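Following: one structure in structure tokens, then a few remarks.
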Amino acid sequence: MKRIVIVGAGQAGASLAARLRAEGHEGAITMIGEEPVPPYQRPPLSKQYLMGEMALERLFLRPESFYAENGIDLHLSETAVAIDRADRTVIAGGHTHPYDTLALCTGAVPRRLPGAIGGELAGVHVVRDLRDVDTMAPAIRAGGRALVVGGGYIGLEAAAVCAKAGMEVTLVEAAPRILGRVACSETADYFRALHRARGVDLREGTGLERLVGEDRVTGAALSDGTELALDMVIVGIGITPATALAEAAGLAIENGIRTDAEGRSSDPAIWAAGDCASFPWRGGRLRLESVQNAIDMAETVARNMLGAGVAYDPTPWFWSDQYDVKLQIAGLGQGHDRVVVRPGTTTGSVSHWYFADDTLLAVDAMNAPRDYMVGKRLLEAGRSPDRAALADPGTDLKALLAA
Ligand code: FAD
Numbered sequence: 579m580k581r582i583v584i585v586g587a588g589q590a591g592a593s594l595a596a597r598l599r600a601e602g603h604e605g606a607i608t609m610i611g612e613e614p615v616p617p618y619q620r621p622p623l624s625k626q627y628l629m630g631e632m633a634l635e636r637l638f639l640r641p642e643s644f645y646a647e648n649g650i651d652l653h654l655s656e657t658a659v660a661i662d663r664a665d666r667t668v669i670a671g672g673h674t675h676p677y678d679t680l681a682l683c684t685g686a687v688p689r690r691l692p693g694a695i696g697g698e699l700a701g702v703h704v705v706r707d708l709r710d711v712d713t714m715a716p717a718i719r720a721g722g723r724a725l726v727v728g729g730g731y732i733g734l735e736a737a738a739v740c741a742k743a744g745m746e747v748t749l750v751e752a753a754p755r756i757l758g759r760v761a762c763s764e765t766a767d768y769f770r771a772l773h774r775a776r777g778v779d780l781r782e783g784t785g786l787e788r789l790v791g792e793d794r795v796t797g798a799a800l801s802d803g804t805e806l807a808l809d810m811v812i813v814g815i816g817i818t819p820a821t822a823l824a825e826a827a828g829l830a831i832e833n834g835i836r837t838d839a840e841g842r843s844s845d846p847a848i849w850a851a852g853d854c855a856s857f858p859w860r861g862g863r864l865r866l867e868s869v870q871n872a873i874d875m876a877e878t879v880a881r882n883m884l885g886a887g888v889a890y891d892p893t894p895w896f897w898s899d900q901y902d903v904k905l906q907i908a909g910l911g912q913g914h915d916r917v918v919v920r921p922g923t924t925t926g927s928v929s930h931w932y933f934a935d936d937t938l939l940a941v942d943a944m945n946a947p948r949d950y951m952v953g954k955r956l957l958e959a960g961r962s963p964d965r966a967a968l969a970d971p972g973t974d975l976k977a978l979l980a981a
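579 is the number of the first residue of the sequence shown in this note's numbering; add one for each residue after it.
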């Protein structure tokens, strides 16, 4: 019976292990995770959990008993430090774990500010794991002063939490606009206005020169000449795929662990899924950073490890919560040349539809769940609605699905 080892006890690792059992795999499953807790969901870390509105137990993807009950040998607080591909073993926490098949679900590492500009001072935080958030949470209190560096989804969500808690919040984005990498300018305009209306001092085209403080951060100098007094800094400047282990083992890396369409790395005994993996997609190569991708790719890999032979071909989706706005995204907008704006029926409700010529690529729906649902279904079916009909709020969206 095949012995399967999974490195990384996060969203992808947990989904992979559960799917292996659901598909009838009866051999040994060992899951190695460097964090001290069983697999948990990360999205609330920059939302409800950071706000203090969600209990720790609700973060866990499964009760801890699930792993023992399903014969999943969970090794926590163990870092896999080496893979011996010839011997088919993984070294972790002083143990040698033999495998027939290995899955790498190592996730990603947050980018940090360089030490030379104060990035290592106390009070400077990233938002990747539970420990990061438990460390910063006490500083989030009314009257405190926070600087958020980076205007991507993590930075904007953290800014929303701080502003809601009654902090004085400055957000700097070095690029000309927020969400430059991931969303159209219409969506950026929407969230800029939302944050400013909540009192966030949001500055685009503005970089951080340096942080100041003895041991703990007390201030910052911005590229526009402003000097800020601060109590804390939250850094949301992106992540890099966690490929060090794979790279040291000689696996092919291309913006993440390079896999084939089934999720197999350059070594046929080793597979990868989630934030750490890049896979072939529509003539190019894609790496996604989302819960949907971690679950769906891991489940596909689990089935393929058992011989299913199916290609992973996702319709990506994502969400973000900021204040009372729920953003839902279906598809990928990269390469769009026009955006159709569809006004909603209630205040703050609107959707932005990305097209390349007449082809629908993606939709961003702000407090517009119906638009999201219809957009996702159209994308899954490979269909593109008429742009003029879409822009007309009088058009029944369901009719577009039926058309
Ligand atoms: P992870 O969940 O990061 O798990 C990887 C695990 O592997 C980690 O526990 C890590 O410690 C462990 N590991 C790494 N190397 C080793 C090693 N050598 N040995 C042992 N263990 C190792 N996605 C959405 O779709 N919507 C959202 O709203 C959203 N919000 C987010 C908010 C935050 C704050 C963060 C951090 C992420 C958010 N995401 C969101 C992204 C989503 O959580 C990730 O895409 C998803 O967790 C990826 O799953 P993964 O299993 O690939 O990686």
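Each residue gets a CB set at the ideal place from its N, CA and C atoms; glycine is no exception. Computed from a prediction, not measured in an experiment: that's the story for all the values here.
Option nearest residue i by Cα separation, candidates the options
i: Gly672; options: Ala966, Ser655, Gly913, Met714; result: Ser655
i: Met810; options: Ser643, Pro716, Arg689, Lys625; result: Pro716
i: Ile650; options: Pro676, Ile610, Ser856; result: Ile610
i: Cys762; options: Asp942, Met883, Met745; result: Asp942
i: Met579; options: Leu598, Gly588, Ala590; result: Leu598
i: Pro819; options: Glu805, Gly728, Arg836; result: Arg836
i: Leu975; options: Phe933, Met745, Ser929; result: Ser929
i: His914; options: Asp936, Met629, Thr878, Gly733; result: Asp936
i: Gln619; options: Val668, Ala934, Val711; result: Val711
i: Ala967; options: Ala946, Trp931, Ser843; result: Trp931
i: Phe896; options: Thr878, His603, Leu866, Ala766; result: Leu866
i: Ala743; options: Ala980, Pro622, Gln626; result: Gln626
i: Leu623; options: Ala664, Asn648, Pro688, Val705; result: Val705
Within 8 Å, strictly: CB atoms of residue i and residue j
i: Leu789; j: Ile695; result: yes
i: Cys740; j: Val585; result: no
i: Leu594; j: Ala658; result: no
i: Thr893; j: Ala880; result: no
i: Val583; j: Tyr677; result: yes
i: Ala807; j: Gly797; result: yes
i: Gly887; j: Val903; result: no
i: Leu639; j: Pro617; result: yes
i: His773; j: Ala737; result: yes
i: Val917; j: Ala969; result: no
i: Val747; j: Val778; result: yes
i: Ile718; j: Leu786; result: no
Reduced DSSP secondary structure (H/G/I, E/B, other) of residue i
i: Glu787; result: strand
i: Met951; result: helix
i: Thr796; result: coil
i: Leu864; result: strand
i: Ala855; result: strand
i: Glu613; result: coil
i: Asp915; result: coil
i: Ala886; result: coil
i: Leu639; result: coil
i: Ala595; result: helix
i: Asp936; result: coil
i: Tyr989; result: A question about residue 989 goes unanswered here, because the residues of the chain that appear run from 579 up to 981.
i: Gly733; result: helix
i: His773; result: helix
i: Lys580; result: coil
i: Ile695; result: helix
i: Gln906; result: strand
i: Val705; result: coil
i: Val778; result: coil
i: Ser763; result: helix
For residue j and residue i, the rounded distance between their alpha carbons
i: Leu905; j: Arg948; result: 12 Å
i: Glu612; j: Phe769; result: 35 Å
i: Ala646; j: Leu652; result: 8 Å
i: Leu725; j: Pro692; result: 16 Å
i: Gly960; j: Arg860; result: 13 Å
i: Thr713; j: Ser643; result: 27 Å
i: Ser856; j: Tyr901; result: 32 Å
i: Gly697; j: Ala686; result: 19 Å
i: Leu956; j: Arg920; result: 16 Å
i: Ser962; j: Ala700; result: 50 Å
i: Glu825; j: Asp853; result: 15 Å
i: Arg636; j: Asp802; result: 42 Å
i: Asp874; j: Glu792; result: 46 Å
i: Arg666; j: Glu840; result: 21 Å
i: Arg794; j: Thr784; result: 23 Å
i: Gly845; j: Ala587; result: Note that residue 845 corresponds to Asp in the displayed sequence, not to Gly. So the two alpha carbons sit approximately 21 Å from each other.
i: Ile669; j: Tyr890; result: 29 Å
i: Asp838; j: Thr973; result: 42 Å
i: Glu604; j: Ala872; result: 23 Å
Rounded Cβ spacing between residue i and residue j (contact assumed at less than 8 Å)
i: Ser898; j: Glu782; result: No, Ser898 and Glu782 are not in contact; Cβ-Cβ is about 18 Å, not under 8 Å.
i: Ala606; j: Arg581; result: 5 Å
i: Gly911; j: Ala940; result: 4 Å
i: Val813; j: His703; result: 7 Å
i: Ala876; j: Ile661; result: Contact doesn't hold; Cβ gap of about 19 Å is too wide.
Check: residue i C-beta below 7 Å from any heavy atom of the ligand MN
i: Thr748; result: With respect to the ligand MN, the structure shown offers nothing to examine, as its ligands consist of the ligand FAD.
CB contact check: residue i to chain B, cutoff 8 Å
i: Arg774; result: The structure shown contains no chain B; it is built from a single protein chain.
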